[in-house]
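Step one of this worksheet: look at the structure below.
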Amino acid sequence: FTTFPGSPKWRKNHITYRIVNYTPDLPKESVDSAIEKALKVWEEVTPLNFSRLSEGEADIMISFAVGEHGDFVPFDGPGTVLAHAYAPGLGINGDAHFDDDEQWTEDTTGTNLFLVAAHELGHSLGLFHSANTEALMYPVYKSSTDLARVRLSQDDVEGIQFLYGPPPASPEVPVVPTTSSSPEPESLMCSPALSFDAVTTLRGEFLFFKDRHFWRKSLRSPEPGFYLISSFWPSLPSSMDAAYEVTNRDTVFIFKGNQFWAVRGHEEQVGYPKSIHTLGLPETVGKIDAAVSDKVKKKTYFFVEDKYWRFDEKKQSMEPGFPRKIAEDFPGVDSKVDAAFAAFGFFYFFSGSSQLEFDPNAKKVTHVLKSNTWFNC
Amino acid sequence: YPLHSRAGDEDSGMELLQKYLENYYGLAKDGKQFIRKKTSSPVVKKIQEMQKFLGLEMTGKLDSSTMDVMLKPRCGVPDVGG
Chain A
-2 FTTFPGSPKW RKNHITYRIV NYTPDLPKES VDSAIEKALK VWEEVTPLNF
48 SRLSEGEADI MISFAVGEHG DFVPFDGPGT VLAHAYAPGL GINGDAHFDD
98 DEQWTEDTTG TNLFLVAAHE LGHSLGLFHS ANTEALMYPV YKSSTDLARV
148 RLSQDDVEGI QFLYGPPPAS PEVPVVPTTS SSPEPESLMC SPALSFDAVT
198 TLRGEFLFFK DRHFWRKSLR SPEPGFYLIS SFWPSLPSSM DAAYEVTNRD
248 TVFIFKGNQF WAVRGHEEQV GYPKSIHTLG LPETVGKIDA AVSDKVKKKT
298 YFFVEDKYWR FDEKKQSMEP GFPRKIAEDF PGVDSKVDAA FAAFGFFYFF
348 SGSSQLEFDP NAKKVTHVLK SNTWFNC
Chain B
79 YPLHSRAGDE DSGMELLQKY LENYYGLAKD GKQFIRKKTS SPVVKKIQEM
129 QKFLGLEMTG KLDSSTMDVM LKPRCGVPDV GG
């Protein structure tokens, strides 16, 4: 089995679902019972339980659609792609979409809705595809399945219990989902004293790094996800010093001590870590505090104590005439910079639990904020 | 219509293979002529990765059993990658 990168899962045992619309292929009651039966498959082997909403936003929104249906992953007409679903989370995450160009049936004369629903809901709970041909999470639909004998394979059970643990009846493990020794994300996230090791953008999202974890904030959902760094990038260090994204190279650079790494999405680039001195920083610099890259000017700024260097991304070399005093060129930014990132034409500098929004064109601080204003606290 | 029977089918087979590897196995969509690259080691590796995942013999080629599985209905979520 595999889980989605970062092993996203529901952080609660009671999950709501809603059947937003129905296929004309089956009576409503048949669709209701197929979905209910599909959820029960997972309920029986986990502490999870499900309740149905008839309106409003449920955790898992189930719908039937054809072609393009609003998530930029259009269905392809009859055959081939039958359905798809999204990993646990807010908004579209957790939802399951069924291609209504298929002929959905209660038996196997067409495409069996229960079978496909049980698979897709496995995704909604956090399972990715399995290479085990006997698993329900195997990606290819088996029309020859004997419906009377459908049950989860051992691989499926191990996968879902990796995320949520066994059902409460089993004496060995506690009822609540296993939690890592990480701090309770919600309380830390909204703590007024929260500071960051590093902050960067990544393909339109925002990553806020702290010790061994990071918050992943997308503008599409009000609350960030909370992940172990190692669950995405096993060889990246914890408690990093700085991070920045060079968008036209689709690469995020991560710094700790006198080394830096490069990642593209969740793929770690080979040939790293490299020494920060290969960038042109002098040997006297042992580490950097923060870094930010300006994608318009194609310049990257490295902040060390009260000074900064500027790197020309086009020439791939450090510019002459540096270091300069931060306070001289970034008036108002006069305490040590812990982290920085660029977005919406501004630089955001983090120092302790404070955040400064800086307009690089007007060369002035436009807002003084708390560090966790991005978290909807 | 009959599969694999006409030479032209190879093109549509290649096209299906390219789409399958792009959609489900993270093959980069770089627009270059896939057919010309099909014997290059990165593409062969990708085909083998797919065949291994789907429980097929890892020939690295578009053989008939691989084509059969690719034509079967399936889930739209990728098999590997994010």
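Protein chains in written order, with our numbering: chain A, -2 to 374; chain B, 79 to 160.
Glycine is no exception: its CB is placed at the ideal position from the N, C-alpha and C atoms.
These numbers come from a predicted model, not from an experiment.
### Message
Considering only DSSP beta bridges, list what A/I251 is partnered with.
### Response
Answer by DSSP bridge pairing, in chain order: A/A240, A/W258.
### Query
Quick one, which residues of the segment 133 to 151 of chain B are near chain A if we go by CB-CB under 7 Å, in chain order?
Residues are counted here when their Cβ sits less than 7 Å from a Cβ of chain A; for the segment 133 to 151 of chain B these are G133, V147, K150, P151, given in chain order.
### Message
Between the alpha carbons of A/P189 and A/P231, how many angstroms are there, rounded?
### Response
Each residue's Cα considered, the two are about 30 Å apart.
### Message
Any beta carbon of chain B sitting closer than 8 Å to that of A/E26?
### Response
Output row for A/E26: interface = no.
### Message
If the criterion is Cβ atoms closer than 8 Å, does the pair A/A132 and A/D153 meet it?
### Response
In this structure, A/D153 lies closer than 8 Å to A/A132 by Cβ.
### Task
Could you tell me which chain B residues have their CB closer than 7 Å to the CB of A/T108, listed as they occur along the chain?
Residues of chain B passing the Cβ test: P151.
### Message
Within 8 Å of any Cβ in chain B, is that where the Cβ of A/H81 sits?
### Response
Closer than 8 Å: yes.
### Task
Using a Cβ-Cβ cut-off of 8 Å, state whether A/G268 counts as contacting chain B.
Taking Cβ atoms only, chain B never reaches closer than 8 Å to A/G268, which makes this a no.
### Query
Residue ranges of each alpha helix (DSSP H) run of no fewer than 4 residues wholly in the segment 7 to 39 of chain A, ordered along the chain?
Within the segment 7 to 39 of chain A, no alpha helix (DSSP H) run of at least 4 residues lies entirely inside it.
### Message
Please tell me whether A/V63 has its Cβ less than 8 Å away from any Cβ of chain B.
### Response
No - not a single Cβ of chain B is within 8 Å of the one on A/V63.
#### Entry: Own chain, CB closer than 7 Å to B/G91, minus 5 neighbours either side, in chain order
Beyond the five residues adjoining it in sequence on each side, B/G91 comes within less than 7 Å, by CB distance, of L140, M145 in the same chain, given in chain order.
### Message
Is there a C-beta anywhere in chain B that falls below 8 Å from the one on A/G76?
### Response
Yes, contact with chain B.
### Task
Find out if the Cβ-Cβ distance for the pair A/R49, A/R8 is shorter than 8 Å.
With contacts defined by Cβ atoms closer than 8 Å, A/R49 and A/R8 do not form a contacting pair.
### Residues near A/F319 in its chain [Cβ-Cβ closer than 6 Å; skip 5 each side]
Same-chain partners within the cutoff: W306, R307.
### Message
So, with DSSP's three-state summary, where would you put A/G222?
### Response
Assignment of A/G222 by DSSP, reduced to helix, strand and coil, places it in the strand class.
### Message
Against chain A, with Cβ distances strictly below 8 Å, would B/G154 count as a contact?
### Response
Judged by the 8 Å Cβ criterion, B/G154 is in contact with chain A.
### Query
CA-CA distance, B/M128 and A/I226?
Spanning the alpha carbons of B/M128 and A/I226 requires a straight line of approximately 28 Å.
### Task
Using 10 angstroms around the beta-carbon of A/C374, count the other beta-carbons present and answer buried if the total reaches 16, otherwise exposed.
A/C374 comes out exposed.
### Task
For B/M148, name the three-state secondary structure that DSSP assigns.
Per DSSP, reduced to three states, the secondary structure at B/M148 is helical.
### Task
Count the other CB atoms, across all protein chains shown, that sit within 10 Å of the CB of A/Q100; report buried if there are 16 or more and exposed otherwise.
A/Q100 comes out exposed.
### Query
Using the beta-carbon of each residue, which ones in chain B are nearer than 7 Å to A/V70?
Going along chain B in sequence order, the residues near A/V70 (Cβ under 7 Å) are G154.
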